[in-house]
Amino acid sequence: MSTDAPEQSERPTQEISLTLNGESITAEVEPRLKLSDFLRNHQHIRGVRVGCEHGVCGACTATLDGRNVKSCLVYAVQADGSEVETVESLADDGELHPIQEAFHEEHALQCGFCTSGFVMATRELLDEHPDPTDEEIRTGLADNICRCTGYHNIYDAVRRAADEMEGAGTEADD
Amino acid sequence: MSRADAGADTGSASGEKAKRESFTGTSVKRVEDHRILTGQAEYIHDITPEGCLHMALLRTTHPHARIESVDTSKAEDHPDCALVLTGEDLVEDYNPMPCGLEGFEEWSLATDKVRFVGEPVAAVVATDRYVAEDIVDLIRVEYDVLEPVVDSIEACDDEVVIHESVGTNVPDGECLEFGDPEGAFEDAAHVVEREYSWGRISGVPLETAGVVATYDPDHDEFDVDCNIQLHTLVDDTIYETLGYPPEKVRVNVPADIGGSFGTKIAIHRYCSLASMASQHLDGTPVKFVEDRVENLQGGDMHCTDRKYRVKLALDDDGTVLGLDTWFVDDFGAFPRYPVNQALKPLSVVSGAYDIRDVRYDYDLVLTNKTSQTAYRGFGVPPHLYALEMAMDEAARELDIDPTALRHKNLVQPDQMPYTIASHNVYDSGDYPEALDHIQDIVDEKEVCEGGLLDPAVVEAKREEGKYRGVSYTLLIEPGVSGSDWTDRQRSDREALKVRDRDEVAELPEHLRAEVRDDGTIQAWLAADSSGQGHQTIVAQLLADELEILPSDIDTGYLDSVTAPTVYGSAASRMAVMLSGAAKGLGEKLKGNLRQLGAQEWGIDVDDVVYRDGGVERVDSGDRFSLADLAAIDGGINDPKTRVSYDYQHPVTELPEFDEALRNKFPVYPTAAFAANAPIVEVDTQTGQVEILKFYSLRDCGTQLNPDIVEGQAHGGLAQGIGAALLEEFGYDESGQPQAVTFFDYLLPSVKNIPPLELHHTETPSPFTATGAKGTGEGGMIDGPAAIASSINAALEPLGIVADEIPATPDRLRRKVREAQE
Numbered sequence: 001m002s003t004d005a006p007e008q009s010e011r012p013t014q015e016i017s018l019t020l021n022g023e024s025i026t027a028e029v030e031p032r033l034k035l036s037d038f039l040r041n042h043q044h045i046r047g048v049r050v051g052c053e054h055g056v057c058g059a060c061t062a063t064l065d066g067r068n069v070k071s072c073l074v075y076a077v078q079a080d081g082s083e084v085e086t087v088e089s090l091a092d093d094g095e096l097h098p099i100q101e102a103f104h105e106e107h108a109l110q111c112g113f114c115t116s117g118f119v120m121a122t123r124e125l126l127d128e129h130p131d132p133t134d135e136e137i138r139t140g141l142a143d144n145i146c147r148c149t150g151y152h153n154i155y156d157a158v159r160r161a162a163d164e165m166e167g168a169g170t171e172a173d174d
Numbered sequence: 001m002s003r004a005d006a007g008a009d010t011g012s013a014s015g016e017k018a019k020r021e022s023f024t025g026t027s028v029k030r031v032e033d034h035r036i037l038t039g040q041a042e043y044i045h046d047i048t049p050e051g052c053l054h055m056a057l058l059r060t061t062h063p064h065a066r067i068e069s070v071d072t073s074k075a076e077d078h079p080d081c082a083l084v085l086t087g088e089d090l091v092e093d094y095n096p097m098p099c100g101l102e103g104f105e106e107w108s109l110a111t112d113k114v115r116f117v118g119e120p121v122a123a124v125v126a127t128d129r130y131v132a133e134d135i136v137d138l139i140r141v142e143y144d145v146l147e148p149v150v151d152s153i154e155a156c157d158d159e160v161v162i163h164e165s166v167g168t169n170v171p172d173g174e175c176l177e178f179g180d181p182e183g184a185f186e187d188a189a190h191v192v193e194r195e196y197s198w199g200r201i202s203g204v205p206l207e208t209a210g211v212v213a214t215y216d217p218d219h220d221e222f223d224v225d226c227n228i229q230l231h232t233l234v235d236d237t238i239y240e241t242l243g244y245p246p247e248k249v250r251v252n253v254p255a256d257i258g259g260s261f262g263t264k265i266a267i268h269r270y271c272s273l274a275s276m277a278s279q280h281l282d283g284t285p286v287k288f289v290e291d292r293v294e295n296l297q298g299g300d301m302h303c304t305d306r307k308y309r310v311k312l313a314l315d316d317d318g319t320v321l322g323l324d325t326w327f328v329d330d331f332g333a334f335p336r337y338p339v340n341q342a343l344k345p346l347s348v349v350s351g352a353y354d355i356r357d358v359r360y361d362y363d364l365v366l367t368n369k370t371s372q373t374a375y376r377g378f379g380v381p382p383h384l385y386a387l388e389m390a391m392d393e394a395a396r397e398l399d400i401d402p403t404a405l406r407h408k409n410l411v412q413p414d415q416m417p418y419t420i421a422s423h424n425v426y427d428s429g430d431y432p433e434a435l436d437h438i439q440d441i442v443d444e445k446e447v448c449e450g451g452l453l454d455p456a457v458v459e460a461k462r463e464e465g466k467y468r469g470v471s472y473t474l475l476i477e478p479g480v481s482g483s484d485w486t487d488r489q490r491s492d493r494e495a496l497k498v499r500d501r502d503e504v505a506e507l508p509e510h511l512r513a514e515v516r517d518d519g520t521i522q523a524w525l526a527a528d529s530s531g532q533g534h535q536t537i538v539a540q541l542l543a544d545e546l547e548i549l550p551s552d553i554d555t556g557y558l559d560s561v562t563a564p565t566v567y568g569s570a571a572s573r574m575a576v577m578l579s580g581a582a583k584g585l586g587e588k589l590k591g592n593l594r595q596l597g598a599q600e601w602g603i604d605v606d607d608v609v610y611r612d613g614g615v616e617r618v619d620s621g622d623r624f625s626l627a628d629l630a631a632i633d634g635g636i637n638d639p640k641t642r643v644s645y646d647y648q649h650p651v652t653e654l655p656e657f658d659e660a661l662r663n664k665f666p667v668y669p670t671a672a673f674a675a676n677a678p679i680v681e682v683d684t685q686t687g688q689v690e691i692l693k694f695y696s697l698r699d700c701g702t703q704l705n706p707d708i709v710e711g712q713a714h715g716g717l718a719q720g721i722g723a724a725l726l727e728e729f730g731y732d733e734s735g736q737p738q739a740v741t742f743f744d745y746l747l748p749s750v751k752n753i754p755p756l757e758l759h760h761t762e763t764p765s766p767f768t769a770t771g772a773k774g775t776g777e778g779g780m781i782d783g784p785a786a787i788a789s790s791i792n793a794a795l796e797p798l799g800i801v802a803d804e805i806p807a808t809p810d811r812l813r814r815k816v817r818e819a820q821e
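Respectively, the protein sequence lines represent chains A and B.
All letters in the first sequence, in the order written, are residues 1 to 174 by the UniProt record's numbering.
All letters in the second sequence, in the order written, are residues 1 to 821 by the UniProt record's numbering.
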């Protein structure tokens with residue numbers, strides 16, 4: 001997998017091609033490789049974080065063909081031919097995306113390990129509900145766990161991002 | 001935008017244009033955020049050096065068994081296997097891990113016996129983690145299965161002893177008396193005696209433990225990158241296990257650690273094993289990342305699991321005359337480092353109440369469960385929970401309003417600083433005022449038409465089986481632990497009674513800084529951070545001292561060899577210790593810079609002042625900027641632009657603490673406090689508790705950064721909600737853990753968090769350099785007791801008390817059923 005050492009055992013692999021944050025890539029992977037591990041260990045995408053590997057915490061949230069998935073519950077081979085986006089695609093030349101900026105302004109992160117997952121969840125939430133109610137925020141973020149912030153400032157960050165992005169129209173989400 | 005924000009945004013390096021308003025006390029936005037938000041932060045999971053191999057562990061599925069044989073031959077035959085280690089291999093070359101009590105022998109891999117499900121038996125190193133796990137499956141272990149010890153009360157009978165060489169499952173305990181508890185109970189008109197239990201919980205940070213260890217065969221030393229907490233204090237757990245002196249084992253922490261809450265203090269097993277593996281592989285780096293199931297099941301990270309018996313002696317008018325508490329704490333298989341969390345409650349033994357006659361008795365018990373580590377509050381949350389439950393029950397027995405009973409017994413403002421029976425000192429605060437204040441707020445907003453506690457609504461809801469209630473509690477967060485007392489259980493306790501005050505040695509907090517060529521500052525912390533925003537706090541404090549901008553200051557972290565041994569980030573220390581250190585460091589640097597200027601100008605140092613990020617001649621107004629001073633200082637052997645400072649623990653100069661210090665009783669010189677009022681609704685048909693709104697009035701002295709203070713409160717309260725209602729590491733009767741995934745160990749999500757209304761007051765601490773009090777643990781300390789007390793208020797008509805935490809639906813439903821029978 002990550003090494004071609006000659007003594008390595010023979011294990012089946014499969015070639016996959018996908019678009020990752022706008023770039024086309026091709027890779028040879030084992031069918032059992034999780035998408036989260038493919039992104040982190042093979043593509044050096046740090047923003048995908050692994051907190052539970054069983055689909056509860058949401059730290060590994062990434063976008064697969066326009067929908068958020070928990071990348072620990074998807075095999076890399078399932079992403080063949082797909083478009084994958086991670087939090088790395090949001091900031092523009094170091095300039096924070098309005099959602100990221102809102103998390104910063106509202107102190108909606110502490111240790112930060114869950115943060116990219118929450119930012120991605122917020123992006124999908126605001127895509128569907130540009131001006132979300134508290135109940136919509138609650139539903140939209142229910143698949144992500146944060147152990148530090150107690151969520152209050154995350155609510156505020158979502159509301160602030162919604163306000164900011166409304167002014168910029170849907171383009172702000174790009 | 002605040003003035004400080006505007007100032008910080010200008011980003012000038014010269015500092016001369018900096019605004020002179022204080023950054024300290026304002027919500028300067030965190031410097032840590034940008035790298036985290038963009039995915040650039042480097043956590044330990046992200047560190048994988050070139051050629052790094054990966055370790056996986058074989059963990060036992062038996063709670064208690066003798067190891068007959070370990071067959072690693074098939075594993076070693078696997079083409080991708082680089083190394084297999086067993087307990088036997090370790091005994092040859094290394095040491096057992098240090099333990100919290102004398103007489104125990106715990107190896108990083110089990111040797112003779114396994115003592116809890118998830119205990120590691122063998123380690124495999126391979127080309128990647130997937131393969132390492134394949135190879136783990138090829139190891140065959142034969143066990144002689146033994147009867148497990150599961151219940152902590154039954155464990156005390158010693159019918160099955162887990163450590164034969166120790167001979168008992170109760171290796172520590174102490175009965176301490178302060179004042180005359182016996183007399184108080186004899187004279188009392190009323191004695192209330194009840195039992196309570198606090199479930200096994202822990203911090204469960206989202207980032208699991210991780211380590212990358214590299215042995216250097218040329219110099220016979222180790223580099224250990226890991227996310228251990230207190231890396232300069234507990235590095236002994238790694239180097240002693242390896243059998244090396246401290247300077248040969250360099251423990252390095254990343255700037256970003258994904259939460260810890262005390263739990264990662266105890267990850268040394270992994271750090272040691274990866275180091276040993278790298279040594280066996282002639283210096284190939286070895287990485288280990290704990291997975292979540294390992295973490296929950298056998299990650300050495302459970303915390304307090306207590307059964308209490310509390311007795312209160314009261315007068316007819318509700319004055320509490322005496323307190324008698326006894327508890328057992330189920331420490332799991334080994335009494336690890338946090339044994340002293342059985343003692344920390346002595347720092348707040350009578351809560352916010354004025355009780356002089358106290359007995360405090362505990363037994364530390366071993367069972368076949370995962371060992372304990374520290375968790376936010378370090379043993380205090382269960383104590384305050386049990387105490388407040390007893391206060392509620394006393395109020396019922398004496399037919400007094402519980403808030404009136406609490407008020408009657410509160411420490412009064414004119415008693416401050418107040419020395420409690422067990423010799424710790426509360427620094428400052430007006431508790432009656434705080435309790436009145438929160439009650440006034442709730443009365444005004446909720447006990448009225450349209451409010452959550454509108455009497456008509458409460459009545460109508462009760463008709464539907466939904467019981468609403470609120471309780472007003474005043475709870476204390478002890479801050480800034482001393483270090484000297486923490487080994488009381490390994491000390492000769494009799495000898496302590498005649499110990500000299502001069503024998504007490506506390507640990508300071510260390511900071512360093514240097515002026516860089518461009519006039520900006522590089523500072524270094526010796527304490528690790530896991531989300532508390534320490535880099536921001538240091539930057540804002542140093543910016544004020546040096547009259548520059550926070551953005552002119554970068555902060556990094558010192559490794560365990562470069563840094564002196566400090567206590568580090570635990571026990572709500574850093575607001576006090578870091579701020580004291582930053583202030584001292586700034587003053588020292590300014591003094592140095594004035595000397596440097598005076599030298600260069602050839603004048604007396606008294607004729608040079610420090611102003612606006614530079615030094616100035618008083619006579620002519622000539623200036624040297626920080627960049628000028630760095631250039632002047634260049635090449636000097638004893639550079640004046642590079643300084644370090646150690647802030648001494650505040651108690652060292654305070655005679656108030658002499659008695660506690662000499663005797664090694666817990667010393668916590670700041671007492672932050674909260675007056676809480678969570679409004680709860682209990683559905684008696686389902687046993688479900690919903691917190692409708694949580695009101696809290698909080699005081700942690702001078703706030704260094706209000707946003708960060710509030711963030712700590714939010715997060716702490718969320719953990720308090722988890723502890724009170726959701727979280728528990730259950731075990732079945734055979735010793736099998738029942739909570740090994742996030743489907744079973746229920747962390748609060750956005751769905752469990754009620755609307756919060758926080759109010760803040762600031763009563764500065766008279767004992768600390770900045771007036772700050774520790775505030776890192778508050779909500780987790782004061783949340784559970786407050787919520788349980790509100791459940792009691794709601795269920796008072798049914799005579800029910802939340803005597804088991806977490807108050808899960810099945811437990812409450814059972815009580816309702818029993819009450820209605």
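In this text, a Cβ means the ideal position worked out from N, Cα and C, and glycines have one as well.
Chain-ordered neighbours of residue 204 (chain A) on chain B, where CB pairs are closer than 9 Å: Only positions 1 to 174 of chain A appear in this structure, which leaves residue 204 (chain A) out of reach.
Whole-angstrom C-beta distance between A41 (chain B) and D256 (chain B), which should lie under 8 Å: 4 Å
Close-in-space but distant-in-sequence residues of the same chain around L146 (chain B) (CB under 6 Å, 5 per side omitted): H64, A65
Residues that DSSP places opposite C81 (chain B) in a beta bridge: B:A126, per the DSSP bridge assignment.
Cβ shell of A505 (chain B) (< 7 Å), same chain only, five flanking positions each side left out: Taken in chain order, the residues that qualify are D484.
First through last residue of the alpha helix (DSSP H) which encompasses K497 (chain B): Going by DSSP, K497 (chain B) is part of no alpha helix (DSSP H) at all; its letter is neither H nor E.
Contact under 9 Å by Cβ, Y362 (chain B) with F327 (chain B): yes
Limits of the alpha helix (DSSP H) - the one that P432 (chain B) falls within: 431–445
Neighbour list for S116 (chain A) in chain B, Cβ cutoff strictly below 7 Å: Within chain B, the residues near S116 (chain A) are G39.
Sheet register partners of T775 (chain B) (DSSP bridge): T775 (chain B) pairs with nothing; no bridge assigned.
Proximal residues of chain A, C-beta to C-beta of V750 (chain B) below 7 Å: R138, L141, A142, Y151
8 Å CB neighbourhood of C52 (chain B) in its chain, flanking five on each side removed: V212, T284, P285, V286, K287
Within-9 Å CB hit, H54 (chain A) to chain B: yes
Status (buried if at least 16 other CB within 10 Å, exposed otherwise) for S789 (chain B): buried
Residue span of the alpha helix (DSSP H) that contains R406 (chain B), given as start and end: 402–409
Enclosing beta strand (DSSP E) for G614 (chain B) [first to last residue]: 614–617
Presumed contact (8 Å Cβ cut-off) between E174 (chain B) and R662 (chain B), rounded CB distance: In fact, because the Cβ distance is near 17 Å, the residues do not count as touching under 8 Å.
Counterpart residues of K751 (chain B) in DSSP-defined beta bridges: None, per the DSSP bridge assignment.
Interface partners of C57 (chain A) on chain B, CB under 9 Å: L206, R292, F742, L747
Ranges of the alpha helix (DSSP H) found wholly within the segment 101–147 of chain A, counting only runs of at least 4: 115–128, 134–140
Within 9 Å, strictly: CB atoms of A79 (chain A) and L18 (chain A): yes
Exposure of N368 (chain B), with buried meaning 16 or more beta-carbon neighbours within 10 Å: buried
Residues within the segment 103–114 of chain A neighbouring chain B, beta-carbon criterion of under 8 Å: For chain B, the residues of the segment 103–114 of chain A that bring a beta carbon within less than 8 Å of one of its beta carbons are F103, H104, E105, H107, L109, Q110, C111, G112, F113, C114, in chain order.
Per-residue burial, Q412 (chain B) [other beta carbons within 10 Å of its own, 16 or more giving buried]: exposed
Cβ neighbour criterion (16 or more within 10 Å) applied to K815 (chain B): In summary, K815 (chain B) is buried, with 16 or more beta-carbon neighbours lying within 10 Å of its beta-carbon over all protein chains present.
Per-residue burial, S27 (chain B) [other beta carbons within 10 Å of its own, 16 or more giving buried]: buried
P148 (chain B) versus D158 (chain B) - alpha carbon distance: Approximately 12 Å, taken between the alpha carbons.
Q100 (chain A) at chain B interface by Cβ criterion, 9 Å: yes
Pairwise C-alpha distance: S625 (chain B) and H607 (chain B): Before going further, note that residue 607 (chain B) is Asp rather than His in the sequence given. If you take the alpha carbons of D607 (chain B) and S625 (chain B), they lie about 16 Å apart.
Alpha-carbon to alpha-carbon, E21 (chain B) and E446 (chain B): 39 Å
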